[in-house]
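Going left to right, the sequence shown walks through residues 1 to 338 as this note's numbering numbers them.
Cβ coordinates follow ideal geometry from the N, Cα and C atoms, glycine included.
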Amino acid sequence: MTETFILLKPYPRLWSLEAGVAMVVTDLHGDWDAYRRYRDRFVDLHAAGRANCLILTGDLVHAEKPEGDRSLEIVLDVLDLRASYGSAIIYLCGNHEMPHIYGISLAKGDRVYTPDFEKALSDSGRRDEVAALFNSLPFYLRTQAGVSLTHAGAASPIVNPANPLKLFNWSHQDLLAWADKTLTSEDVAALREGYASQHHNIPYNTLAAYFLAVSGPDDPRYNHLLRGFIASSYPDFERLLWPALFTRCEKQYGLTDYSIFLDALLKELSVDYFPQQALVAGHITLKGGHLIIANRHLRLASAHHATPRKAGQYLLFDTAQPIQSIEDLGNGLGSVFK
Ligand SMILES: [Mn+2]
């Protein structure tokens, strides 16, 4: 068996997979049991020559409840898998990975997701490795099969012709460097006070320890809450990056408008490439393990977003074999829970 995979990286955030059978898994959100099942299935399929690469579409981190949240163990295990399988382990950026790149917090209702993972990162001593990993993650993956993948789906900014290349070339480093530079021309002590005043006058020191596991004023990351605030105030962060990773697709835009954004995204992903016919993404809770939207979007729920969880599915498809319709992907759906 000599068949392998071909992965190209034409843009930092848009990669191309042109050969090999891919196994796709979405949104595990700190669920170690699900992660272990999918990882072991990939290892078995790979050994049997039935899968060449594993695509994790993001949101490996942040459980709904802090108890039993094994987010960091999953991410560290992905790093180990990378050591064994190299670039055959493809990890797309989700909206739950992104806040850790910028040092911003993410919450839903009473649940503040980010502090536990920041603390675990500091305790592990492997913060730099994880930061480098998150920083490298693409947003989009397209294939010769005409199937593209992303974390959440299409979003309205894609119809503005200036935006696709901005997104495909997005640099977290440039934005953070700009924020650092901005900080050097500001009165940082006053900014810290301003930050505290926006957070119930809790001292900046306490906030930095809580949100980012910063050890104190001597920590090189001491100003990172300010840096994240500045970076996330950059117009394209809010207008472009945020919708791309957080889109709620047809639930947000309605089916008619979503179809337009979906077509626009698939068209942009097809430029100078094989025509992209279908998008695979996760991010949204559904009944069962998958759902087809607008005949071009396969929403896959591998555990967290599946209802019930054990209805979660993975997808296997040949990235070199053009699909005729999205229904073709149905043959590649599988379960690790049966
Ligand atoms: Mn998500």
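Relative to ligand 1, the nearest heavy atom lies less than 7 angstroms away from the CB of His151. Per DSSP, Phe168 is one residue of the alpha helix (DSSP H) stretching across 163-168. The beta carbon of Ala208 lies closer than 7 angstroms to those of Val214, Tyr222, Leu225 in the same chain, with the five residues before and after it left out. With a cut-off of 7 angstroms, the C-beta of His199 is classified as distant from ligand 1, since no heavy atom of the ligand falls inside that distance.
Within the segment 164-199, no complete beta strand (DSSP E) segment of 3 residues or longer occurs.
Looking at Ser71, Asp318, Tyr234, the one whose alpha-carbon comes closest to that of Arg142 is Asp318. Bridge pairing for Met23: Leu54, Leu316 [DSSP]. Secondary-structure assignment with DSSP links Tyr91 through a beta bridge to Leu56. Assigned with DSSP and collapsed to three states, Lys287 falls in strand. Taking Arg239 as reference, the option from Thr307, Asn163, Asp187 with the minimal CA-CA separation is Asn163. Excluding sequence positions up to five before and after Ser325, its CB lies less than 6 angstroms from no other CB in the same chain.
The beta-bridge partner set that DSSP reports for Thr150 consists of Tyr140. By the criterion of a C-beta distance shorter than 7 angstroms, Val24 is surrounded in its chain by Ile55, Thr57, Leu149, Val280, Leu300, Tyr314, Leu315, once the five residues flanking it on both sides are discounted. Collapsing the DSSP output to three states places Val130 in a helix. At least one heavy atom of ligand 1 is found less than 7 angstroms from the C-beta of His96. The beta carbons of Gly146 and Phe237 sit no closer together than 8 angstroms. Contact between Leu255 and Gly289 does not hold, since the beta-carbon distance rounds to 21 angstroms and is not under 8 angstroms. Rounded to whole angstroms, the gap between the alpha carbons of Thr26 and Ala190 is 42 angstroms. For the segment 248-283, the continuous beta strand (DSSP E) assignments of 3+ residues that do not extend past its boundaries occur at 278-281, in sequence order. Burial check for Val61: the Cβ neighbour count within 10 Å reaches 16 or more, so the residue is buried.
Secondary structure at Leu240: helix, using DSSP grouped into helix, strand and coil. Bounds of the alpha helix (DSSP H) holding Arg41 are 32-47.
With respect to His151, Gly94 sits close: the two C-beta atoms are nearer than 8 angstroms. Residue environment: Glu67 is assigned as exposed (fewer than 16 neighbouring CB atoms within 10 Å of its CB, all protein chains considered). Here Thr114 is not near Phe229, since their CB atoms are 8 angstroms or more apart.
Look at His304: its beta carbon is at least 7 angstroms from all of the heavy atoms in ligand 1. With respect to Tyr38, Ser302 sits close: the two C-beta atoms are nearer than 8 angstroms. One thing to note: Ala120 has its Cβ within 8 angstroms of the Cβ of Leu72. Per DSSP, Ile6 is one residue of the beta strand (DSSP E) stretching across 6-8. In this structure, Ser156 lies away from Pro99, with their beta-carbon atoms at least 8 angstroms apart. Using a cutoff of 7 angstroms, the CB of Asp27 counts as near ligand 1, since one of the ligand's heavy atoms is closer than that. In terms of side-chain proximity, the C-beta atom of His100 is found no nearer than 7 angstroms to any non-hydrogen atom of ligand 1.
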